[in-house]
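In our numbering, the protein residues as written are 14 to 182.
Okay, here's the thing in structure tokens:
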């Protein structure tokens, strides 16, 4: 019952994060200090990705990379912020799900360990009981040996005579 609700809640959180990211993107370009910092981030990202692409394709990397214009930089930065927000929400949901699953597995493992321990205790109890029964059996086997063959017959006659007198009374 709880599992479908958790998964549904995670899906709802991911869905809600997209409009929140869009709102962040809209507000990001309006504040002057924040705008300048995201422009710097966007320019650094542009230089990094362009250099990386040039290395991958085998082009010269010592060529000067032209900076993005301000509006393009702001747009790239707010897109990056929006994607990072959605990614972080999705990542948090995955981490939550993994931790929940790990706790569930830990509970199951604890129950299994407890069951195994109970079975071991039961096995020990049964082994002790078997040992007691073996000793009693050995004691019973020693009684006729101590009496000898004539003692066995006497004990049988005594028990049969006792049975006959009990029936007569």
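A virtual CB, placed ideally from N, CA and C, is assigned to each residue, including glycine.
inquiry  = Looking only at its chain, what residues have a beta carbon closer than 6 Å to the beta carbon of residue 80, apart from the 5 residues adjacent to it on each side?
reply    = On the chain shown, position 67 is the one that residue 80 refers to. Taken in chain order, the residues that qualify are 56.
key: Alpha carbon of residue 35 to alpha carbon of residue 54, nearest angstrom   = To locate residue 35, count along the chain shown from 1; it is residue 22. To locate residue 54, count along the chain shown from 1; it is residue 41. Per the coordinates, the alpha-carbon of residue 35 lies some 19 Å from the alpha-carbon of residue 54.
ask   = Exposed or buried, what is residue 51 when buried is set at 16 or more other beta-carbons lying within 10 Å of its beta-carbon?
value = The residue you call residue 51 lines up with position 38 of the chain shown. Here residue 51 is buried, its C-beta having at least 16 other C-beta atoms within 10 Å.
task = Taking residue 85 as the reference, give the member of 123, 48, 125 with the closest Cα.
result = In the chain shown, the residue the question calls residue 85 occupies position 72. Here the closest residue by C-alpha is 48.
message = Could you check whether the stretch 68-76 touches the stretch 124-136, counting it as contact only if at least three pairs of C-beta atoms, one from each stretch, sit closer than 8 Å?
response = Contact between the stretch 68-76 and the stretch 124-136 is absent, with fewer than three C-beta pairs closer than 8 Å.
query = Is the stretch 106-122 touching the stretch 87-96, taking contact as three or more C-beta pairs under 8 Å?
reply = No: fewer than three Cβ pairs fall under 8 Å.
key: Counted within 10 angstroms of its Cβ, other Cβ atoms place residue 114 as buried (16 or more) or exposed   = For the purposes of this step, residue 114 is identified with residue 101 of the chain shown, where counting begins at 1. Residue 114 comes out exposed.
inquiry  = Contact defined as beta carbons within less than 8 Å: I believe residue 128 pairs with residue 23. What is the distance between those atoms, to the nearest angstrom?
reply    = Residue numbering aside, residue 128 sits at position 115 when the chain shown is read from its first letter. Residue numbering aside, residue 23 sits at position 10 when the chain shown is read from its first letter. Residue 128 to residue 23, Cβ: 32 Å. No contact.
Span separating the alpha-carbon of residue 27 from that of residue 99 = The sequence position of residue 27 within the chain shown is 14, counting from 1. The sequence position of residue 99 within the chain shown is 86, counting from 1. Rounded to the nearest angstrom, the two C-alpha atoms are 7 Å apart.
Euclidean distance between Cα positions of residue 102 and residue 75 = Within the chain shown, numbered from 1, the residue matching residue 102 stands at position 89. Within the chain shown, numbered from 1, the residue matching residue 75 stands at position 62. Rounded to whole angstroms, residue 102 to residue 75 spans 38 Å at the Cα level.
Residue 62 - DSSP class collapsed to helix/strand/coil = Reading the chain shown from its first residue, position 49 is the one you call residue 62. Assignment of residue 62 by DSSP, reduced to helix, strand and coil, places it in the helix class.
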